[in-house]
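J.: Note that our numbering has the sequence shown beginning at 20, numbered continuously upward.
Built from N, CA and C at the ideal position, the CB exists for glycine as well.
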Amino acid sequence: MSLKLNKYSILELIDTPTELRQLTENKLQTLCSELRLFLLNSVSKSSGHFASGLGTIELTVALHYVYNTPFDHLIWDVGHQAYPHKILTGRKNRIYSIRQRHGLHSFPCRNESKYDVLSVGHSSTSISAGLGLAIASEREKLNRRTVCIIGDGALTAGMAFEAINHAGTIKSNLLIILNDNNMSISENVGALHTQCPQQKKYTNITSDIKKIINSNIYNKNKNTSTAIALFSNLGFNCTGPIDGHNILTLIHNLKNIRNTKTGPQFLHVITKKGYGYKPAEKDPIKWHAVPKFNLKSGILSTNKNIKYTTYSKIFGDWLCQTAMHDNKIIGITPAMREGSGMNKFAQKYPKQYFDVAIAEQHAVTFSAGLAIAGYKPVVAIYSTFLQRAYDQIIHDIAIQKLPVLFAVDRGGIVGSDGETHQGAFDLSYLRCIPNLIIMTPSNAYECKLMLHTGYHYQYGPSVVRYPKGCATNNILYPYNNTTSLYSIPLSKGIIHHQGQHIAILNFGTLLKPAYNVALQLNATLVDMRFVKPLDEMLIKKLTENHQAFITLEENSIIGGAGSGVNEFLVQNKLLIPTLNIGLPDFFIPQGAQREMLSELGLDSQGIYKKIVRWIKI
20 MSLKLNKYSI
30 LELIDTPTEL
40 RQLTENKLQT
50 LCSELRLFLL
60 NSVSKSSGHF
70 ASGLGTIELT
80 VALHYVYNTP
90 FDHLIWDVGH
100 QAYPHKILTG
110 RKNRIYSIRQ
120 RHGLHSFPCR
130 NESKYDVLSV
140 GHSSTSISAG
150 LGLAIASERE
160 KLNRRTVCII
170 GDGALTAGMA
180 FEAINHAGTI
190 KSNLLIILND
200 NNMSISENVG
210 ALHTQCPQQK
220 KYTNITSDIK
230 KIINSNIYNK
240 NKNTSTAIAL
250 FSNLGFNCTG
260 PIDGHNILTL
270 IHNLKNIRNT
280 KTGPQFLHVI
290 TKKGYGYKPA
300 EKDPIKWHAV
310 PKFNLKSGIL
320 STNKNIKYTT
330 YSKIFGDWLC
340 QTAMHDNKII
350 GITPAMREGS
360 GMNKFAQKYP
370 KQYFDVAIAE
380 QHAVTFSAGL
390 AIAGYKPVVA
400 IYSTFLQRAY
410 DQIIHDIAIQ
420 KLPVLFAVDR
430 GGIVGSDGET
440 HQGAFDLSYL
450 RCIPNLIIMT
460 PSNAYECKLM
470 LHTGYHYQYG
480 PSVVRYPKGC
490 ATNNILYPYN
500 NTTSLYSIPL
510 SKGIIHHQGQ
520 HIAILNFGTL
530 LKPAYNVALQ
540 LNATLVDMRF
550 VKPLDEMLIK
560 KLTENHQAFI
570 TLEENSIIGG
580 AGSGVNEFLV
590 QNKLLIPTLN
600 IGLPDFFIPQ
610 GAQREMLSEL
620 GLDSQGIYKK
630 IVRWIKI
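(1) Let me make sure I understand the geometry here. Which of Asp199, Ile318 and Ile183 has the alpha-carbon closest to that of Ser251?
(2) For Asp604, does the count of other Cβ atoms within 10 angstroms reach 16, so buried, or fall short, so exposed?
(3) Just the Cα atoms here: how many angstroms apart are Thr597 and Phe568?
(4) Classify Thr222 as helix, strand or coil using the three-state DSSP reduction.
(5) Given a cut-off of 8 Å, decide if Val383 and Asp345 are closer than it, judged by their beta-carbon atoms.
(6) Thinking C-beta only, is Leu137 closer than 8 Å to Ala148?
(7) Considering only the alpha carbon of each residue, which of Tyr102, Val423 and Ala378 lies closest to Tyr478?
(8) When the Cβ atoms of the region 70 to 81 are set against those of the region 283 to 303, are three or more pairs found closer than 8 Å?
(9) May I have the straight-line CA-CA distance separating Thr352 from Thr328, to the nearest angstrom?
(10) On the DSSP letters alone, give me the boundaries of the beta strand (DSSP E) that Gly350 sits inside.
(11) Would you mind sorting Arg613 into buried or exposed? The rule is 16 or more other CB atoms within 10 Å of its CB.
(12) Residues in its own chain within less than 6 Å of Glu131 by CB, not counting five upstream and five downstream?
(13) Answer yes or no: do Asp554 and Ser582 have a C-beta to C-beta separation smaller than 8 Å?
(14) Look up Glu572 in the DSSP assignment and give the residues it is bridged to.
(15) Please say whether Ala580 and Leu446 have beta carbons closer to each other than 8 Å?
(16) Could you name the residues of the same chain whose beta carbon sits closer than 8 Å to that of Gly488, not counting the 5 residues immediately before and after it, in chain order?
(17) Helix, strand or coil: how does DSSP classify Lys154 here?
(18) In whole angstroms, what separates the C-alpha of Asp96 from that of Tyr401?
(19) Is the beta carbon of His307 closer than 8 Å to that of Phe69?
(20) May I have the straight-line CA-CA distance separating Thr222 from Leu249, to the nearest angstrom?
(21) Measuring CA to CA, which of Cys257, Thr528 and Leu150 is closest to Thr279?
(22) Three-state secondary structure (DSSP) at Leu405?
(23) Grouping DSSP H, G and I as helix and E and B as strand, with all else coil, what is His124?
(24) Rounding to the nearest angstrom, what Cα-Cα distance links Gly578 and Glu618 in this structure?
(25) What are the boundary residues of the beta strand (DSSP E) that Ile514 is part of?
(26) For Gly335, does the three-state DSSP call read helix, strand or coil?
(27) Work out the CA separation of Asn272 and Gly13 for me, nearest whole Å.
(28) Taking 8 Å as the CB-CB cut-off, is Pro552 touching chain C?
(29) Under a three-way DSSP split, which group does Asn637 fall into?
(30) Ignore the nearest five residues each way along the sequence and tell me which others in Leu338's own chain have a CB closer than 6 Å to its CB.
(31) CB Gly442 to CB Gly430, shorter than 8 Å?
(32) On a CA-only basis, which of Asn541, Glu31, Pro460 and Lys274 is nearest Val483? Give me that one, please.
(33) Give me the residue from Leu107, Ser481 and Val589 with the minimum Cα distance to Lys551.
(34) Quick one: what's got a C-beta closer than 6 Å to Val166's C-beta in the same chain, skipping five residues either side?
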C-alpha cells in the first residue's frame, strides 16, 4: 500500500516533527484533517486500534508542534491513541503494517523509534516513568520537558494515583495531560466518573471554551472534576478544561505551560473518542479496535463462516447458565467486559456484576471479601493483566484458601498486540502457589465443565486458563449453551490415543495438533487437563510402558506444566527422557495467532519436527 499524495498535500511533506514545526499555525487545521483521513484510510485497510487515535489527532499535532521532540519526552498511556504519533514520527509509510508480523507495534515501542520514550501496552504507567525522566533531566540540567498523556480510563488505576502523590511532593517539571473522553475500552466506571463535587476554578477559561462546556462532550465528561480537584490539592498547577479538537487553543495553552518552569502541571483536555467518523463517535466501544472494514459504509465485517464459538463466549454463557440457579455467583472484571464475554451477564444480572475499572489488584482482593462473606466470586481477567495482581492472589486468596474462581482468558499466544499482551507466563507464576488448582481445557465442552468444577471447589482458589479465539468441539459432546454440567474428578487426565514408546502429555488447547502428531508417531496422547494437581498415578503408569515423554503447552517452558512433570519424575526417581515443548525464553512479538504458533513450532508440523529431532540426538 502506498500514500496517495494528492490527498495529503501537507502530510506528505512531513517525515518527522521537525518538518511539522516549520509549518505556520494556519496550516495546522488542514494537517489535522489530512492526518485524520490518512488514519481512516490506513486502519480500514489494515485493521487496528481506531477510535482512540481519531480522538487525539489535534492533541498529537499540537504536542509535536510545541515540544522539541524527541529531545522533549512524550509518554502515551496506554498507547491505543498513539497511531497519529507514529504517523508523524517517520512511520507513515509503514502504518499499514501495524500489528502484523515484522510490522509496526500496536503501541509505542522503544525499539521502534527514538520518539517512543516508553514501551507500553498495560495502562497507567506513564506518570511513574515520566516522573523518573523529569527528575533525571533536572539532575543533568538538560532543560528537557516531560509530558504524560493519560486517558480518564487509565487514570482509574492505583498506580497512576501513587505516581501523582509522589509527583506532587517532588515538585518536578512534569506535565500530565488528561485526555478526557469519558471512555476506557468500555464505559468508565467508579466514583471518579459518577461523582461531581463542586468544580474548582481553572486558569485559561476563555470564550472559545464556553462552546465545549455547554456541549454534550463536556456534559458527559464533567464528572472527571473529581480527579482534577485531586491534582490541584496535591500541588499541581491546573489548566483547563479546554477543547481537545481546537488545534489553536491547544497550542496556545501548551506554549503557556511549556514556558512555566515551576512545579508539576496538569492540563485537562476534552476529546471525543472516534472524533471525525460518525460510526465510531456513535459506538466507540465497538470501534475501539477493528478488523478491516468498508470506510464508506461504516459497517464492520463479521466472519459468518466461523464454525466454533470463542472461549470468551463459552465463559459468558456459563456465567449466565449458572446465575439462573445461583444468586450467589458474582462476576468481576477489571474494565474488560466485552473482551471477557460478560456483556450478556452484565445486562441480565446487573446486581451480580462488577466492573471495578482498571484495578486488577483491587479486583482480586475485592473477590476475597465476597468469598469470606459467603458469595461465590468469579474473576474474569486476561493472563497478561493477572500479572499485576500477583501479590493479592497469594496474600489475600491462596493463603486463606478462599474459594475464588479465576477465569484466565488470553492464555498463550494472543497475536497482534505482541510482547505486552501474550499470555506466556501464567502457568509458571501460578503453579508455584500453594492451595491453588489449575485447569487447562482442550475444547469447548471441557472448558464449561472446568468452569463448573472450579466454581464448586470449596477448598481454595481455582484457575481455568484458556486462549483467545475459537474453541474446537469435543467429538462426543458438541458445545451448546445448555450443556449439562458436572464436576470432573480432580487431577485426572484422559488418554485420547493409545500408542507405543512415546507418551505426549498435553496441557490445554494444543490437543488437536498433538493428536495429529500422535497418529504419525503412534504415540500415546494424554490430555492432562490439570496442571496442578498433576495426575501422578497416570504419569507413573505411563513410565512403565513408555521410553520417552513429551510435554506440550502454550506457556513458557521455564516453570510451566512441563516443569511440573519433570519435578515429579525426579522426586520419584522415575528416570525417563523428557522433552518439554512450549513457548521459548524470549518475549514473543506480534503476528497472527496461527502464524506465530507455526513460527514457534507449535503446530502439527512443528511439534513433529521437534520430537523427531530430539529422538535423533
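T.: By the coordinates alone:
(1) As a position in the sequence shown, residue 251 is number 232, starting the count at 1. Closest option to Ser251, Cα to Cα, is Ile183.
(2) In the sequence shown, residue 604 corresponds to position 585, counting from 1. Label assigned to Asp604: exposed.
(3) On the sequence shown, position 578 is the one that residue 597 refers to. On the sequence shown, position 549 is the one that residue 568 refers to. The straight-line gap from Cα to Cα measures roughly 5 Å.
(4) To locate residue 222, count along the sequence shown from 1; it is residue 203. Unreliable positioning characterises Thr222 in this predicted model, as indicated by a pLDDT of 47, which lies under 50. A coordinate reading is not provided.
(5) Position 326 of the sequence shown, counted from the start, is the residue given in the question as residue 345. Position 364 of the sequence shown, counted from the start, is the residue given in the question as residue 383. Not in contact: Asp345 and Val383 (Cβ atoms no closer than 8 Å).
(6) By one-based count along the sequence shown, residue 148 stands at place 129. By one-based count along the sequence shown, residue 137 stands at place 118. In this structure, Leu137 lies closer than 8 Å to Ala148 by Cβ.
(7) Here residue 478 is taken as the residue at index 459 of the sequence shown, counted from 1. Among Tyr102, Val423 and Ala378, the Cα nearest to that of Tyr478 is on Val423.
(8) yes
(9) The residue labelled residue 352 in the question sits at position 333 within the sequence shown. The residue labelled residue 328 in the question sits at position 309 within the sequence shown. Rounded to whole angstroms, Thr352 to Thr328 spans 21 Å at the Cα level.
(10) Here residue 350 is taken as the residue at index 331 of the sequence shown, counted from 1. Element bounds for Gly350: Ile348 to Thr352.
(11) Reading the sequence shown from its first residue, position 594 is the one you call residue 613. Burial call: exposed.
(12) On the sequence shown, position 112 is the one that residue 131 refers to. Around Glu131: His124.
(13) As a working mapping, residue 554 is identified with position 535 in the sequence shown. As a working mapping, residue 582 is identified with position 563 in the sequence shown. No, Cβ-Cβ distance for Asp554 and Ser582 is not below 8 Å.
(14) As a first step, residue 572 must be located in the sequence shown, where it is residue number 553. For Glu572, which the question treats as bridged, DSSP gives the partners Phe526.
(15) To locate residue 446, count along the sequence shown from 1; it is residue 427. To locate residue 580, count along the sequence shown from 1; it is residue 561. The answer is yes: Cβ separation under 8 Å.
(16) For the purposes of this step, residue 488 is taken as residue 469 along the sequence shown, with counting starting at 1. Excluding sequence neighbours, Gly488 sits near Thr329, Tyr330 and Gln612.
(17) Working through the sequence shown from its first residue, we reach residue 154 at position 135. The sequence given here has Ile at residue 154, not Lys. Helix at Ile154.
(18) As a first step, residue 96 is located in the sequence shown; it is residue number 77 there, counting from the start. As a first step, residue 401 is located in the sequence shown; it is residue number 382 there, counting from the start. Rounded to the nearest angstrom, the two C-alpha atoms are 19 Å apart.
(19) Sequence index remark: in the sequence shown, residue 69 carries index 50 (1-based). Sequence index remark: in the sequence shown, residue 307 carries index 288 (1-based). Cβ distance < 8 Å, so Phe69 and His307 count as in contact.
(20) Translated into the one-based positions of the sequence shown, residue 222 becomes position 203. Translated into the one-based positions of the sequence shown, residue 249 becomes position 230. Because Thr222 sits at a pLDDT of 47, beneath the cut-off of 50, its placement in the model cannot be relied upon, and the point is left open.
(21) Position 260 of the sequence shown, counted from the first residue, corresponds to residue 279. For Thr279, the nearest C-alpha among the options comes from Cys257.
(22) For this step, residue 405 is matched to residue 386 along the sequence shown. In this structure, Leu405 counts as helix in the three-state DSSP scheme.
(23) Reading the sequence shown from its first residue, position 105 is the one you call residue 124. Note: His124 maps to coil in three-state DSSP.
(24) Within the sequence shown, numbered from 1, the residue matching residue 578 stands at position 559. Within the sequence shown, numbered from 1, the residue matching residue 618 stands at position 599. Answer to the nearest angstrom: the Cα atoms are 22 Å apart.
(25) Here residue 514 is taken as the residue at index 495 of the sequence shown, counted from 1. Start and end: Ile513 to His516.
(26) Locating residue 335 in the sequence shown gives position 316, counting from the first residue. The answer is helix: DSSP assigns Gly335 an H, G or I state.
(27) It is not possible to answer for residue 13, since the shown part of the chain is limited to 20 through 636.
(28) This model lacks chain C altogether; it includes just one protein chain.
(29) Residue 637 lies beyond the range of the chain shown here (20 to 636); nothing can be said about it.
(30) Numbered from 1 along the sequence shown, position 319 holds the residue referred to as residue 338. Contacts found: Gly350 and Phe364.
(31) Taking the first residue of the sequence shown as position 1, residue 442 is located at position 423. Taking the first residue of the sequence shown as position 1, residue 430 is located at position 411. Yes, these two residues count as a Cβ contact at 8 Å.
(32) For this step, residue 483 is matched to residue 464 along the sequence shown. The option with the nearest alpha carbon to Val483 is Pro460.
(33) Residue 551 sits at position 532 when you count from the first residue of the sequence shown. Per the Cα distances, Ser481.
(34) The residue given as residue 166 occupies position 147 in the sequence shown. If we look at Val166 and ignore the five residues flanking it on each side, its Cβ neighbours are Leu93 and Leu194.
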